[in-house]
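Numbering (the UniProt record's numbering), first residue to last: 1 to 814. Step one of this worksheet: look at the structure below.
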DNA sequence: CTAGGGTTAG
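Right, dumping it as structure tokens:
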């Protein structure tokens with residue numbers, strides 16, 4: 001028997017046999033197993049190496065190998081190379097590998113595996129080249145490692161080279177290797193190429209079907225993936241757990257709950273439901289189909305949950321808006337001793353961002369650091385998003401700045417953060433920097449930057465970004481187009497908004513909502529209602545936001561009956577449950593029109609506990625109608641819910657001021673001081689086309705200050721001659737009293753004066769105010785529009801006022 | 001050395 005063995009030399013690099021790969025493999029295995037004397041492979045050191053589980057153990061065994069003179073044995077050399085690679089030390093593996101004089105094939109193959117799997121795939125590819133140069137015959141599994149690496153890193157060119165090498169070495173008939181090729185093309189997003197290889201496979205077994213199914217699913221061809229599952233069954237192959245896990249995300253993405261349920265049945269019949277990864281994929285499918293409750297039932301029934309199951313449920317609740325349950329589940333997961341991953345933390349951060357839970361967000365930040373996830377890009381993006389949504393834009397900015405590597409999503413998150421926090425200039429600066437760093441903006445970038453510009457209400461910028469969007473061909477995206485409609489409406493150009501709206505052939509529900517809301521804030525209640533009717537005629541289902549927009553549009557235009565009707569058809573015709581925002585909008589609708597008793601009764605009849613916004617709307621209405629009785633009732637409930645919002649204290653103080661209850665006004669001011677509550681200082685800005693100038697009440701830091709005040713003085717005289725009478729009560733509003741002695745100079749008036757001084761006669765003036773416009777300024781602006789023959793468009797916190805020829809589009813109802 | 005497929009995500 002021993003006489004038939006090949007000498008070791010024939011396997012070394014010096015002598016190449018012309019044997020086919022498979023027979024050579026068998027021979028060298030035999031040689032290795034049998035040529036090596038028993039005292040070598042049965043040596044205690046060999047056994048220790050087999051049992052070795054860590055680098056530390058390995059380092060302890062090495063002296064033993066050397067002491068026993070076993071270091072030169074191929075068996076030990078191969079094993080050492082393999083173990084060093086496994087524990088991540090390519091350097092030490094190389095230190096063993098390189099000095100060996102007669103390297104056998106096995107050593108090369110081991111080293112190649114190490115490079116391909118534990119180093120960069122590029123190292124694996126170059127080592128492959130060297131191996132060929134050294135005259136070593138590759139074996140089929142060398143290609144499988146390389147193909148996997150190319151696929152994971154999306155290296156199409158290298159992947160194709162390996163594919164070619166595979167064919168050259170005569171492996172095109174090997175299902176295992178060719179399945180790797182299918183997988184490589186699929187991972188490189190060349191699903192058509194993957195399919196071409198798949199149909200030519202010598203044999204299509206379960207694994208190769210699974211590969212192509214997963215390929216279609218991961219490349220977004222969900223329907224095709226589902227189709228292929230039926231096709232494989234036509235070929236008498238039964239879907240296994242991996243088929244199911246691959247196809248369920250596709251079913252979920254399409255929202256095919258019927259197919260999803262039938263797969264659930266199949267899982268049950270096959271007894272796969274006890275597999276945690278199968279159940280986990282089911283959770284994901286049900287959540288994507290919108291059945292949170294079904295997902296929860298499955299989750300609760302699972303005997304073994306993996307970390308992905310938790311992650312999916314935590315994110316499912318966050319996604320559905322139930323931040324509370326999401327965070328409860330997260331806590332439960334920690335209590336169960338399950339170690340969270342980056343994805344867990346991202347999901348929980350999502351919930352914190354939605355609920356504005358900063359302290360828990362900070363806890364998650366510390367936890368992420370403890371888990372060593374500092375350099376995890378998606379996680380840092382989520383942190384930036386959380387800090388932005390919790391109004392900690394400086395912290396968000398710092399995190400962003402310190403990122404070693406930024407993806408486009410990082411830029412988008414940061415820009416959105418600045419946009420949502422009203423930092424328009426920072427948003428625009430980052431947009432410019434992003435392009436300087438050669439990161440192409442996408443539709444998300446554009447939506448953020450457009451909404452930043454909407455916030456600033458600068459028409460010239462609006463037109464500029466519209467041009468940028470068009471030139472980059474992103475204006476075909478429905479979300480971008482919707483953002484443009486919203487932007488023009490928010491920049492005062494409601495008719496341009498409508499033109500863009502009419503040009504869109506594909507409209508999303510948010511597109512309709514943006515347009516209806518635009519009409520609403522411009523006081524065009526009639527147009528808003530017409531659009532709503534058009535929407536119903538076109539069989540487009542309104543959502544809860546649509547109703548919020550239409551009710552608020554009715555409120556701005558004083559259409560009480562219509563508003564009440566929309567509130568009832570929302571429930572009766574569309575089965576949409578009102579949210580707290582809807583209740584707030586209804587109280588605003590009734591209250592603003594002076595039906596304070598009705599509004600109060602409405603609050604009392606609410607089926608849920610009224611929130612801050614509901615009492616806030618009530619208090620606002622009482623302020624307009626100078627009703628102290630209801631105002632105090634609303635304020636009392638309000639301060640119990642949210643004792644630290646300065647805006648509501650100011651509102652109540654203004655209510656008292658409007659009826660000259662000065663000691664009450666002072667009482668509130670003292671209370672605010674004692675509690676350290678600050679009010680938002682009011683400011684107004686005027687858009688001069690290429691510059692924007694901002695003014696605080698009574699501010700005098702502007703370089704043209706003297707000129708502005710002089711002009712304003714003559715202007716006030718002029719409107720007095722035309723019949724304007726200053727409303728002293730309204731002027732004593734505490735909203736804007738940054739400097740008490742200057743209350744007569746509210747920021748709006750300064751901004752208008754500066755606008756008049758710096759624009760040509762006849763040009764429209766665009767003003768933006770961060771708070772609600774005050775009664776005296778409103779009245780004065782009407783007169784200014786008359787005597788100066790100017791159209792003045794003022795956007796305040798809630799709506800637009802178009803002043804022209806002495807009247808305002810709001811009809812003094814705001 | 002001793003081969004191929006899979007689930008969550010900004």
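Where a beta carbon is used, it is the ideal one built from N, C-alpha and C, also for glycine.
Bounds of the beta strand (DSSP E) holding residue 767 are 765-769. Spanning the alpha carbons of residue 697 and residue 682 requires a straight line of approximately 7 Å. Per DSSP, residue 697 lies in no alpha helix (DSSP H) segment and is marked neither H nor E. Closest by C-alpha distance to residue 449, out of 344, 467, 347, is 467. A direct Cα-Cα distance of roughly 21 Å separates residue 73 from residue 89. When DSSP assignments are scanned along the segment 337-379, the uninterrupted stretches of alpha helix (DSSP H) that are 4 or more residues long and fall wholly within it turn out to be 342-355, 358-370. Annotation: the continuous alpha helix (DSSP H) that includes residue 479 extends over 478-490. Annotation for residue 801: the continuous beta strand (DSSP E) segment containing it runs 800-804. Here the alpha carbons of residue 512 and residue 484 stand approximately 12 Å from one another. Taking residue 717 as reference, the option from 704, 788, 664 with the minimal CA-CA separation is 788.
By the Cβ-count criterion, residue 808 is buried, with 16 or more other Cβ atoms from all chains shown falling within 10 Å of its own Cβ.
Pairwise C-beta distances place the segment 685-701 in contact with the segment 442-460, as three or more of them are shorter than 8 Å. Take residue 757, set aside five residues on each side of it, and the residues of its chain with a beta-carbon closer than 8 Å to its own are 704, 707, 708, 711, in chain order. Spatial neighbours of residue 321 in its own chain (CB-CB distance under 8 Å, excluding positions within 5 residues in sequence) are listed in chain order as 354.
For residue 471, the uninterrupted alpha helix (DSSP H) run begins and ends at 459-471, by DSSP. Membership of residue 167 in the alpha helix (DSSP H) is indicated by the continuous run 156-168.
Between residue 672 and residue 646, the beta carbon gap of about 7 Å places them in contact (Cβ cut-off 8 Å). One alpha carbon belongs to residue 765, the other to residue 793, and they sit about 6 Å apart.
Residue 495 sits away from residue 525, with the two beta carbons spaced by 7 Å or more.
Apart from sequence neighbours up to five positions away, the residues of its chain that approach residue 121 with a beta-carbon distance below 8 Å are 146, 149, 150, 152, 153, 155, 158, ordered along the chain. The Cβ neighbour count for residue 380, taken over all protein chains shown within 10 Å, is at least 16; the residue is labelled buried. Only residues of its own chain outside the window of five on either side were considered, and among them 791, 792, 803, 804, 805, 806 have a CB closer than 7 Å to the CB of residue 785, listed in chain order.
As the crow flies, the alpha-carbon of residue 619 is around 50 Å from that of residue 306. If you look at residue 197, you'll find it in the alpha helix (DSSP H) that goes 191-199. Each residue's CA atom was taken as its position, placing residue 404 and residue 375 some 8 Å apart. The beta carbon of residue 216 sits closer than 7 Å to the beta carbons of 191, 224, 225, 228 from its chain, once the five residues preceding and following it are set aside; these are given in chain order. DSSP, read as helix, strand or coil, puts residue 808 in strand.
Annotation for residue 325: 317 place their beta carbon closer than 8 Å to its own, counting only its chain and skipping 5 residues before and after. Cα atoms of residue 135 and residue 187: separation of roughly 31 Å, rounded to the nearest angstrom. For residue 587, the uninterrupted alpha helix (DSSP H) run begins and ends at 580-592, by DSSP.
Judged by DSSP secondary structure, residue 608 falls outside any beta strand (DSSP E); it is assigned neither H nor E.
For residue 683, the uninterrupted beta strand (DSSP E) run begins and ends at 683-687, by DSSP. Here DSSP, grouped into helix, strand and coil, assigns residue 565 to helix. Residue 569 counts as exposed, since fewer than 16 other C-beta atoms from the protein chains shown sit within 10 angstroms of its C-beta. DSSP places residue 121 in the helix class (H, G or I) of the three-state scheme. Taking the Cβ atoms as the reference, residue 768 lies roughly 5 Å from residue 795, within the contact range of under 8 Å.
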